[in-house]
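Residue numbers (this note's numbering): 100 to 439. We put the beta carbon where it would ideally sit given N, CA and C, even for glycine. What you are looking at is a predicted structure, and each value in this text was computed from that prediction instead of being measured. Written out below as structure tokens is the structure these notes cover.
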């Protein structure tokens, strides 16, 4: 029998997930892997119900009501729903387990919630991704982006579930930042195997990710990531090497970044920008305050002349003496008031 107290004290969540699955008498893993909703509905104590609005304490797209034995989900597409249903099933498995349930009660409220959520993710990923062979686990350290894309194609798991599963395998084993982004570079999911401050924020556009997505149309990408990962406060993570692979539907891209230096972490530095105005006193600039962003390219404007290196900047709309933009009215009436 598993030593549940030892697992709670510091055992990998993957081991907790494996032990719970192996000791749970009512799981039909074959059905749960291919059709999670049918597999959960076959369990007498649980019912899956769709609901447009979920309680504030829900786990994103789902909520488990232990008193009623109901898993509420907000429909979000089959793959995402699959992970959500199994995640909420894992809450039921943990809270009703005759031994693990009492171990959880001995933890503080915050520690219990964190442990339970991490184990839920691990259980859902383990059920959905049982096709992962040992050879693939070895290849994870060589090309995690390719492995994530392959697993996504061969399973019913969502991109997020695949990413979390691979990150859990690699955690504390090698240094990678894993991400799933849209083709426009907007981050959908991210996680790092080292440090909590490295994953790029969800919903933020990463120009480098958009470039990788475009290059991945012709196959797996492996190259120096010169664009850097963009963070708040005008910081960028440099000295990284990138792998990228499109998913089988061509709707998103799996990205893996690792430090160029074997024992490094990447280099976090203030970003510098080139000024596109030949009449400006600065060739490049860094920012020490909240920037003014260009409406066209989204890059910060130069603090001196309020221009950027935008390729769509029309030189005819800029005064050649004072470097200020000429408004449409000033251009039409030839009434620009030069500030120099």
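For residue i, which three-state DSSP category applies?
i, result
"residue 416", "helix"
"residue 440", "Beyond the ends of the chain as shown, which are 100 and 439, falls residue 440; an answer cannot be given."
"residue 208", "helix"
"residue 435", "coil"
"residue 310", "helix"
"residue 195", "helix"
"residue 424", "strand"
"residue 269", "helix"
"residue 173", "coil"
"residue 297", "coil"
"residue 120", "helix"
"residue 326", "coil"
"residue 106", "helix"
"residue 380", "coil"
"residue 162", "strand"
If we count the other Cβ atoms within 10 Å of its Cβ and call it buried at 16 or more, is residue i buried or exposed?
i, result
"residue 132", "buried"
"residue 149", "exposed"
"residue 256", "buried"
"residue 431", "exposed"
"residue 404", "buried"
"residue 128", "exposed"
Bridge partners for residue i per DSSP, in chain order?
i, result
"residue 369", "334"
"residue 358", "339"
"residue 395", "BP columns for residue 395 are empty, so no partner."
"residue 289", "278"
Short of 8 Å in beta carbon distance, which residues of its chain neighbour residue i, apart from the five on each side in sequence? Order them along the chain.
i, result
"residue 427", "none"
"residue 407", "372, 374, 375, 393, 396, 398, 399, 400 and 401"
"residue 240", "269, 272 and 273"
"residue 358", "274, 338, 339, 340, 364 and 365"
"residue 350", "281 and 282"
"residue 209", "none"
Please list, in chain order, all residues of the same chain as residue i whose beta carbon is under 6 Å from its beta carbon, the five residues on each side excluded.
i, result
"residue 252", "347"
"residue 220", "263"
"residue 169", "146 and 148"
"residue 182", "223, 257 and 260"
Assuming residue i contacts residue j (C-beta within less than 8 Å), just tell me the rounded distance between them.
i, j, result
"residue 266", "residue 292", "6 Å"
"residue 307", "residue 295", "Incorrect: roughly 21 Å between the Cβ atoms, too far for contact."
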